[in-house]
Structures are given as structure tokens and as C-alpha cells.
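*Asks:* Sharing a structure, written as C-alpha cells. Questions coming.
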Amino acid sequence: MKKILKQTWKTIRYNIRSLLIFEAGYRAATFFLVMQLVRFFVDFSLKQQGFSYLTAENYKEFLQYPLSVVFLALVFLVILIFYFVEVAALLCGFVYSAKEKKLYAGDFFILGIKKTVSFFRHSKVSWLVCAACSGPFLAAYFLVREISYIQILEFTARQIYKEIKSPMLIYGFLGVLLLISFLFVFALPYCILEKKKNWQGFLSGMKLFRTHWKRILLDFCFLHVFMLLFILITYSVVMLILAAGVFFFKPEVVKISSIFIYSEYVNMALGIYAGGVQLIGSIAFVYTVYTKFHIQPKDEEEHLFYKKMEQYFWYSKLGRRKAAGLLTALFVLLEGIYFGFLVINHDTTLSHLAADTEITAHRGGAWKAPENTISALQYTIDSGADYAEIDVQETKDGELILLHDDSLKRTAGVKKNVWDMTLKQVEKLDAGASFHKKFRGEKIPEFTEVLKFCKGRLDLNIEIKYNGKNKGIVNKVVRAIKENHFEDHCIVTSMNYQFLKQIKKTAPEIRTGYIMTMTYGGVQGMEAADFFSVKHTYVDEKFVTQAHALGKEVHVWTVNYKGDAKRMLDMGVDNIITDDPIMVRKVQNRESGSSTGYVELLRYAFRF
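Per my numbering, the sequence shown runs over residues 28 to 635.
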């Protein structure tokens, strides 16, 4: 085991400076280009469909649009090309390292381009198979991290998870995919260095793996443990330095927000960095195994490529080394431009702590009492929250009650949907026993009962739930609000934009909010919404500024972490929806002179 891992490290170490510069520059540049390409395609496709924004409500329609499908295929193709150039560059670079020949970062790029073009020529379209099959395993670290960072990817992953009923199917599919991808990785040296066809390369790689599978598998596992530890240690050190920088050099008023903003940069870069570490380590290991157990063909004349390049005036004047050095400088410049672009787009200068931000108790205060009950509303009043957020559903006989889920299973222990039960049946249920024995006997309240209880005591954020079976619910909610003279003491929200249009048509005086689980693009043109109620992880300074410029408020949900509350307050959001209104109020009322310690900043950075 030690010999293979030792030789792997030797292969990496020989040109490590140039290798790291190439990887940093290439990954930053290609990540930036792909992100800009995706942004352009999404914006263009939305415009063609007549949307100014992308939310959960129109997400499926957006994906099914033919132009979107074409654009997604093009982006996937570009990603595969970038990936293949990188893999080819590393393999060729390791060939030179094994011969103890020094390379510049630009040499890696030139070699990668050459090998990629050569492979494309002899493999035709089948190169797609080689790239697509080996990619999932070699990009696993990168994908896992970036899916959680890039909001559209994260939302897509969540939607897929919801659509597939059995999580085991997802895990099984991913397991098989990674296994096939892992086996295909061993085909890369044969396909790229020996120009074998995909299937021939795969069979050669399988033969190599099968012959020495125990040793290879054991060493590969150790290698990945080392890589994960290395990534974790590097990440921790960077966060420690970052927290120290903020602690010593940032004004007290912006320390917490600054640590959140800068840690976002680090977390984004972590995916790029972790992916680079995995790719370098894995390719070096595979190349080491390939050279150790396989007789390699005679090297081709690499200098022929550079002789062809000499016909270009700029190249003949500079020479290969200077040209490679120029490309190295270009990589570093692109990396600097990319991170400069990020900084410009995130202004960390904050004017003040938003003392006028209102606080809403989520589901009436669901942490301290059964959600959507009179007891929960009483807790909200006692906690000093400005609003209580409640959920309204319609029973089988058309009566309005407070209930979040379509099913009564979670809150009342009855495995039936709300539209299958009458009000009398619902009144017999116990909504408190599952929360705590002291709430045994707590009933699911009617909507009108809640309006009467809260009148003069508490304002309400009334969410109208849409389940496909309650098309007449809007008129009933509006009528109940008017009959109880609650128009000036409530706001009405929904994930269904058509519901908001109905409200504005029949009761324009009632303030409405559009609930968005995911948002992308502009939010102009949404006249039926007086404000946007957005999942807090999708909100940034740009969104708040854009909404305020349109005269719209921004409400965020569900904020249960002190650091997130401070971040939202510093952004200037208008309302924070939380399960812990007392915590948010404490953060809001914090004295400006109180200091934030280094350990506290570390907790925010690591999200403890």
C-alpha cells in the first residue's frame, strides 16, 4: 500500500507549484464561465416564456420548455468539455512528472487542449460517454458541495427527492452510478494516453482493476480518507483566519454580517477546492496504478505540437516557456477577476440594524405550543411578536380551519386528508397530545374563532393553503376577514399567485404576500403581491434592494438561528418569520456597544 500512495504523492509533488496554479486558475475561470453561461441561458429562456422570475410555481413549466431543454444540454456539453480538458491536462502533466520534467501551469493547459482535441478526433461523438461516465465519481466532492451552495441546484435536488416516493431508490441509483463511474475512471489513461476507443479502454481498465482489485481498493480508500482530512483541516484553518480578520479589522456593527458574507465565499470556494483535491489525487493514483501494472506504449513526439504552434507569430517570438508563462499569468488574472467580481456584487457596508423590522411567530409559535392552535396564539401574544403566521385549510363541508398539512396525521394522529373530513369530525380530534401532555384536549380551531380571539390583541399573517381541492377558499377567507373587520390587522399570503389576484380583485385593501420557496431573476410585474415572503436562504442584499425599489416589502422564513436573524436584520428585511420570536427580538434589541467575541464569530462561521 505504501508504495503506491508514496508514488502517487511523488507524481503530484514534482510539478506541484505549476499544478496548483493551473488548477486554481482553470477551476476559477471555468466555474465563472459556466455560472455566467447558466445565468444567460436561464434569463433568456425566462424572457422567451414571458417570465421575469423563476419560482417553485413556474419551475416545472420552465424546465419543460423546449428552449430550456436545449440550453441545459448545451451547458452540460460545455461542462463535459471543460472537465475533459482538465483530466487530460492532469494525466499528461503526470506523464512529465514521472519523467522528472518541469512544467509551467500554462503547459498543463496546452497539453490538456492538445490531448482533448486529439481524443475528440479519433473518438468522434463517443468521447461524451467517456466524460459522462467517469465524471460523477471524479466530481463527487465538487457536486456535493456546490449543490448545497448553488440555489437552483439545491432546489432541483429537493424537488427530485420529493417526487420519488422511496429514498432508497435514489440512494440505490446514486450507488450504482458511482460504482460504474469509479470503474470507468481506470479507462481514462487508456483512452487519453493510448487513444483507445471507449469500450476498449473500459475493458483494459477493468482488466487492470480486476487483477489487483484488493490492493487498489484498499489504497484508494486510504487516499480518500487522507484527502477528506486534508480538505477539512484546510477549511478549518481558513475559517480560523477569517474569523480573526473580522474580529480585529471589522467595526463591531458589521462583524456578524461580515463573517456570514465572507464565509459564503469560503463555502463556495470549498466546492471548487475540494473538487480539485479529489481530481488531482484520484487521477494521480489511477496514473500510478496504470504505470505500475501496465506496460506503456512508446511516447509520442510531443515537440511536434509545439513545432506546429511556431507558425504563429506571437508564439515564435515568445517561445514555448514564455507562452506557457503567459498563460499561467492569465490563469492568475482570471482568478483575481472572478473573486473581485464576487466582492463587487456583495457590499458588506451596512447602514444600520433594522430596528423597525417586524417579527412573526411561525404557525402561531410552534416551538412552545401545538402549532395553529389558540394556545400557540396566546404564546405569540405573550412573546411580544408583531404577527402570528397561521395556515388556513377547507374541510369537506366547506368550513375554514387552521391546519398546515393536507393530512391530519402529524398534528392530530389521524391518517386522513382535510378535504375528507367534516368540521364536526375535525372538532373531535386532539391537536395537543402529540405535542405535550399538558396540551391534551387542545382543539383545531375554526378560522373565525381565531379572528375573534386575536382581534385587538394580535395581527395575523394568514396563509391560504392550495391543495387543488379548495378553489373557492379565497372568497371564504376574504368574507370572514371583512365580517370580523380584520382588514387592517392582517396580511394574506399564498404560494398560489392566482389566489393573490383573486384577493386584489375582491378586496384590494387587504395586503397580500407571495410565498416563494425559491426565487431567481427579477420580481417586477407581480402587481398582486404587496410583499414577498421568501425562504431566508434565498435572500441577499441584491434581492432586498430590488424589492424595495419596486415598493415591495421582504418577509423571510423560517429564521431560527441567531446568526441568521442578525444577518436578515442587517439586510434590512421588513419581517422575520420565526419559531422563536423572543430570540429574534433579543437580537434586534441588542445594545450597539456590546461586543462580539472571537469564539462567537467562529460559531457563526462554522454554523454551530
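Note that beta-carbon positions come from the ideal geometry of N, C-alpha and C, so glycine has one too.
As a quick exercise: from Ser208, Ser193, Glu279 and Phe312, pick the residue whose alpha carbon is nearest that of phenylalanine 12.
*Replies:* The structure shown does not extend to residue 12, since the chain is modelled only from 28 to 635, so the question has no answer here.
*Asks:* Could you tell me the alpha carbon to alpha carbon distance between isoleucine 401 and aspartate 447, rounded to whole angstroms?
*Replies:* Cα to Cα, the separation comes out at about 24 Å.
*Asks:* Tell me whether glutamine 34 sits in a helix, a strand or coil according to DSSP, three-state version.
*Replies:* helix
*Asks:* In angstroms with no decimal places, state the Cα-to-Cα distance between tyrosine 625 and phenylalanine 274.
*Replies:* Cα to Cα, tyrosine 625 sits roughly 6 Å from phenylalanine 274.
*Asks:* Classify valine 152: buried if its beta carbon has 16 or more other beta carbons within 10 angstroms, exposed otherwise.
*Replies:* exposed
*Asks:* Taking 8 Å as the cut-off, decide whether the C-beta atoms of glycine 120 and phenylalanine 135 are in contact.
*Replies:* Yes, they are a contact pair.
*Asks:* Which residues mark the beginning and the end of the alpha helix (DSSP H) in which threonine 438 is found?
*Replies:* 436–439
*Asks:* At which residue ranges does the stretch 241–268 contain complete alpha helix (DSSP H) runs of 4 or more residues, listed in the order of the chain?
*Replies:* none
*Asks:* Looking at the strands, I want to know which residues DSSP matches up with arginine 538.
*Replies:* Ile518
*Asks:* Any idea what DSSP makes of histidine 512, helix, strand or coil?
*Replies:* In the structure shown, histidine 512 sits in coil (DSSP, three-state: anything other than H, G, I, E or B).
*Asks:* Going by Cα to Cα distance, which pick from Gly52, Ala412, Thr533 and Gly440 is closest to isoleucine 609?
*Replies:* Ala412
*Asks:* Taking the straight line between their C-alpha atoms, what separation do you get for glycine 133 and arginine 437?
*Replies:* Glycine 133 and arginine 437: Cα-Cα distance of roughly 59 Å.
*Asks:* Can you find the residues in the same chain that come closer than 7 Å, C-beta to C-beta, to histidine 431, ignoring five residues on each side of it along the sequence?
*Replies:* Correct list, in chain order: Arg390, Glu398, Asn399 and Asp418.
*Asks:* Say whether the stretch 510–524 touches the stretch 537–554, bearing in mind that this needs 3 or more beta-carbon pairs closer than 8 Å, one atom from each stretch.
*Replies:* yes
*Asks:* So what's glutamine 551 in DSSP terms, helix, strand or just coil?
*Replies:* coil
*Asks:* Starting from serine 560, trace the beta strand (DSSP E) both ways and give me its first and last residue.
*Replies:* 558–562
*Asks:* Taking DSSP's pairing of strands, which residues face methionine 543 in a bridge?
*Replies:* Val561
*Asks:* Between which two residues does the alpha helix (DSSP H) carrying aspartate 70 extend?
*Replies:* 43–76
*Asks:* Entirely within the stretch 78–103 and at least 4 residues each: give me those alpha helix (DSSP H) ranges in chain order.
*Replies:* 86–91
*Asks:* What's the C-alpha gap between alanine 116 and glycine 302?
*Replies:* 15 Å
*Asks:* Report the residue from Ala214, Ile39, Lys593 and Leu629 whose alpha carbon sits nearest the alpha carbon of valine 122.
*Replies:* Ile39
*Asks:* The beta strand (DSSP E) that contains leucine 577, what's its start and end?
*Replies:* No beta strand (DSSP E) contains leucine 577, which DSSP labels as neither H nor E.
*Asks:* From the DSSP secondary-structure annotation, give me the bridge partner or partners of leucine 429.
*Replies:* Val419
*Asks:* Serine 49 to glycine 548, Cα distance in whole Å?
*Replies:* According to the sequence displayed, residue 49 carries phenylalanine and not serine. Computed Cα separation, rounded: 33 Å.
*Asks:* Can you tell me the Cα-Cα spacing of glutamine 186 and glutamate 490, whole angstroms?
*Replies:* 22 Å
*Asks:* Note down the Cα distance separating valine 614 from valine 280, rounded to an integer number of angstroms.
*Replies:* 12 Å
*Asks:* Taking the DSSP output, what are the residues bridged to aspartate 486?
*Replies:* Tyr414
*Asks:* Could you tell me which residues DSSP puts in a beta bridge with glutamate 385?
*Replies:* For glutamate 385, the beta-bridge partners assigned by DSSP are Asn602.
*Asks:* Quick check on the DSSP output: the alpha helix (DSSP H) that includes isoleucine 286 runs from which residue to which?
*Replies:* 282–320
*Asks:* Taking the alpha carbon of isoleucine 307 as the point to measure from, which residue in Lys395, Ser263 and Leu250 has its own alpha carbon closest?
*Replies:* Leu250
*Asks:* Is it the case that the Cβ atoms of isoleucine 174 and alanine 158 are separated by a distance below 8 Å?
*Replies:* no
*Asks:* By alpha-carbon positions, which one of Val445, Gln525, Ser285 and Val156 ends up nearest to glutamine 227?
*Replies:* Val156
*Asks:* Helix, strand or coil for tryptophan 584? Go by DSSP, reduced to three states.
*Replies:* strand
*Asks:* Identify, in the order they occur along the chain, each residue of the same chain with its Cβ nearer than 7 Å to the Cβ of asparagine 85, setting aside the five sequence neighbours on each side.
*Replies:* Phe78
*Asks:* Would you mind reading off the limits of the alpha helix (DSSP H) that contains glutamate 1?
*Replies:* Limits of the chain in this structure are 28 at one end and 635 at the other, which puts residue 1 out of reach.
*Asks:* Give the range of the alpha helix (DSSP H) segment to which asparagine 497 is assigned.
*Replies:* No alpha helix (DSSP H) contains asparagine 497, which DSSP labels as neither H nor E.
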